[in-house]
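Engineer: Below is one structure. I have some questions about it.
Numbering (the numbering used here), first residue to last: 139 to 203.
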């Protein structure tokens with residue numbers, strides 16, 4: 139269980155690190171645009187990511203990963 143959590147966190151950091159390493163100006167622009175988005179829009183996007191991530195984790199577990 140702990141191994142899976144650490145693996146997942148590591149993967150998130152790799153993906154986020156790649157975004158900043160390969161496209162720092164895009165990430166800065168994205169952050170600027172996010173500041174102008176209503177909180178409700180960000181909340182809905184966060185909830186959507188949470189649901190998709192949970193679904194992927196359950197699918198991975200079901201497939202034996």
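Each residue gets a CB set at the ideal place from its N, CA and C atoms; glycine is no exception.
Values in this document were obtained by computation on a predicted structure and should not be read as measured data.
(1) Please state whether the Cβ-Cβ distance between residue 160 and residue 172 is less than 8 Å.
(2) Just confirm the distance between the C-beta atoms of residue 169 and residue 158, as a whole number of angstroms; I'd bet it's less than 8 Å.
(3) Compute the Euclidean distance between the alpha carbons of residue 178 and residue 144, then round it to the nearest angstrom.
(4) Give the secondary structure of residue 187 by DSSP, where H, G and I count as helix, E and B as strand, and everything else as coil.
Structural biologist: The relevant details are as follows:
(1) no
(2) Not really, about 11 Å apart at Cβ, beyond 8 Å.
(3) 30 Å
(4) helix
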